[in-house]
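Just so we're aligned, residue 13 is where the sequence shown starts under the numbering used here, counting upward by one. Backbone N, C-alpha and C fix where the C-beta goes; we use that ideal spot for every residue, glycine too. Please read these numbers as outputs of a predicted model, since none were measured by experiment. Single-structure report; data block below.
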Amino acid sequence: MRRPGIWALLLLTVLAATAGAVVPEGWGPPPAADPKAAGGPDAYGYRYVDNDGDSAAYRWVDTIAGTWTAVANLGDDNVVGPFDLGFQFPYYWYRVSQFWIHANGGISFSLPSRSWTPQNPGDEGFPNPAQPQDLIGACGLDLDFTAGGRCRYRVRTAAPESLVVSWLGVPRWSTTDLYSFQLVLARADSTIRVQIQDVTNPPNTVGSLGIENSGGNIGLSYFSNGAPPQNRLHDVLAIKYRPPATSTYTATDGGVVAALNTQSGAVVQHTGDALQPWAIVKNFGTTNIAALKAVCRIRNSANTVVFADSLLNLAVAKGQQLPVTFANSFTPSVAGTYRLVVRTYLAESPVNTANDSMVVELPVVTYQSWIAYDDGSREAWGSWSGTGPANPTGFGAHFTVSRYPVAIDSVQLYINHAAGNVLWVEIRDTTGEMGGPGAVLAADTIVFTTTAIEWVTLGYATRNLVSDNGKFFVCYRTPSAGLKVGLDESAPVSRRTWEYTGGWTLYRSMETRDAMVRVNCRSVVLGACYVDAAAGSDANPGSSAAPYRTIARALARIAATATDTAYIRGGTYAERVDILPAHSGTAAFRTVIAAQPGHAPVIDPPPGAAYALAD
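Here's what the structure looks like:
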């Protein structure tokens, strides 16, 4: 891990003196074997045993024989996936079928909103309501794949079904100590086995091993921050977590997993563009829910409710994730920072209220003005210790805009720099791991000649830098240890900041901080576009060779500042068509929706849908 250098405003002088320092951690030999090494049960009934008491046999699974898959793109403090489990594995009172792998020695069964960093305060221990949840900590340590090591997994879909994930020779951050261990899920008896093959200089006071459920409110800890001392790591250690044969645990618990996108990240909405709110709700409890209520409200910067809608009597089976779309759309006319809140309600009190709601930042803008997640006020600085010419680090901001294609005219970053510091600014697409920073679309190098705290601005207006899908990253990396970016801690937070410490991953403090990075955009008119319900895709550029799939997507790209035509090919279009002011043309510039010559499309909206034509 690159340790974050964060300086609070009032503590700038004091903390600056310790920037980049690595806190020493305790080391020592493992304690004598404990013949009673067992623990649990947790609230559901899971227990653990280990081989210190000869209760759990150590049986290392050969990582050469058989069919293994090498896990690519693991780095320092990141997460990759999802991967198909190949079978339904019973875990707590539900079943899981996919998993994500964390570089720091664990797997998640639900989409993690960020990577697991068990070395950081708030991320250690089990159970833990903080993200990521639905987590198994095989051997949670500050591991660094950028310095070496491998990860491989093997799925066996024929009886006896199993999953084995192995971390092999992975260095602990900023040390030469190597760790090899593996996690084994056995379908036959629903057990979870952790096997520690080799740990160089095992730490006494750090490490996080355990399991937890999808809500992070029930779980079982084997070892966390030195406790209990008899469970410290050592070579040839086996730990087995066993579920109960039956459980008397019951819980009613419905909640929100995500809203507007799977990361619940900010969505930039242009004035005049309609937003169709949606969410993913989940039954976290042990019994089916017959009538879950979901309410969506949008508030403006004055905290006034400007939109409200609800869904009643949602039936959600235990363990089920249910995508839901609210019937009404929201079309803002005034720019500003809005926030969307989706909240669930049950007839009886849920056991875990922490997952009852989701707040999403909703910046409403008019193009050719700065699009920002920050409020202009910096609360902290962000940097990473260990930064240097051989180890550049940085931050990035993900922007998703409602009106596209869009041209990127300029970007701004709030930077604290010294003379001689180097800044690499990059515009990237979203083709990276888990939708992260991918291909570089533009790159610039700045070598500062002065010491200053300032907004650094770069222009792109002459480069024809266009995003066809309205999704892109503004990133920076630096080889200069003294360079820092401003961090905003004011609510709402975008959840759109990413970090770079040898590889790109979601920022570990994304729930509470935004990197101060901005962008200025303008609409692009590309002429005629094409729509094909059968062969098109809304991810296409809308050309004749690569048409869109829906009429709505075609209209979203049409601006009211130039004559533009959407040619519709044959087929049935079961969609509601809303022609809004931003896309409906003027007397001088016409918007035309026409059948492509020789085609006879049919627009047949679903029952209850209607057309909406703006005045």
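Note: H282 is bridge-paired with V377 in the DSSP secondary-structure output. A Cβ-Cβ separation of about 5 Å places N90 in contact with A115 under the 8 Å criterion. A residue is called buried when at least 16 other Cβ atoms come within 10 angstroms of its Cβ; L324 does not meet this threshold and is exposed. Assigned with DSSP and collapsed to three states, R244 falls in coil, not helix or strand. Looking at the DSSP output, V543 bridges to Y560 and I580. N481 is not a Cβ neighbour of Y542, given a cutoff of 8 Å. Note that the stretch 189-204 touches the stretch 139-157; at least 3 beta-carbon pairs, one per stretch, sit closer than 8 Å.
Uninterrupted beta strand (DSSP E) stretches at least 3 residues long and entirely within the stretch 466-492 occur at 483-490, given in chain order.
For H410, DSSP records a beta bridge to F485. When Cβ pairs closer than 8 Å are counted between the two stretches, the stretch 425-444 is seen to touch the stretch 488-500, the count reaching three or more.
Under the criterion of beta carbons closer than 8 Å, H282 and V377 qualify as touching, at roughly 6 Å. A direct Cα-to-Cα measurement between L123 and T412 gives close to 20 Å.
T517 sits close to S127, with the two beta carbons spaced by under 8 Å. Minimum Cα-Cα distance from W290 among the listed residues V336, A320 and A278 corresponds to V336. Inclusion of T158 and G87 in the CB contact set at 8 Å is warranted, their separation being smaller than that value. By the criterion of at least three beta-carbon pairs nearer than 8 Å, the stretch 442-453 is not in contact with the stretch 501-509. Taking 8 Å as the upper bound for CB-CB distance, V176 and M446 are not in contact here, some 23 Å apart. Secondary structure remark: continuous beta strand (DSSP E) runs of at least 3 residues inside the stretch 103-140, in chain order: 106-114 and 118-120. For P613, the uninterrupted beta strand (DSSP E) segment begins and ends at P613 to I615. Under the rule that a run must span 3 or more residues, the beta strand (DSSP E) segments found entirely inside the stretch 185-265 read 190-198, 203-211, 220-224, 231-236 and 249-254.
For A291, the three-state secondary structure derived from DSSP is strand.
Apart from sequence neighbours up to five positions away, the residues of its chain that approach D156 with a beta-carbon distance below 6 Å are D88, P183 and W185, ordered along the chain.
For R162, the uninterrupted beta strand (DSSP E) run begins and ends at R162 to R168, by DSSP. In this model, I420 and D544 are separated by some 28 Å (Cα to Cα). Sequence-distant Cβ neighbours of A69 in its own chain, meaning closer than 8 Å and more than five residues away, are N63 and A250.
Rounded to whole angstroms, the Cβ separation of A566 and E587 is 11 Å, and the two are not in contact under 8 Å. With respect to V437, V531 sits apart: the two C-beta atoms are not nearer than 8 Å. Look at A159 here: in three-state DSSP terms it is helix.
Residues G93, P94, F95, L97, I119, S120 and F121 of the same chain have their beta carbon placed closer than 7 Å to that of F111, with the five preceding and five following residues left out of the count.
Cα atoms of G284 and P141: separation of roughly 38 Å, rounded to the nearest angstrom. Straight through space, the alpha carbons of P102 and A384 are spaced by roughly 43 Å. By the C-beta density criterion, P375 is buried, having at least 16 other C-beta atoms within 10 angstroms. Rounded to the nearest whole angstrom, the C-alpha separation of F138 and W105 is 18 Å. When the five nearest sequence neighbours on each side are left out, the beta carbons in the same chain lying within less than 7 Å of the beta carbon of Q333 are those of V269, I292 and K294, in order along the chain. Straight-line measurement puts the Cα of Y60 at about 26 Å from the Cα of D265. DSSP places A392 inside the beta strand (DSSP E), whose first and last residues are A392 to W396.
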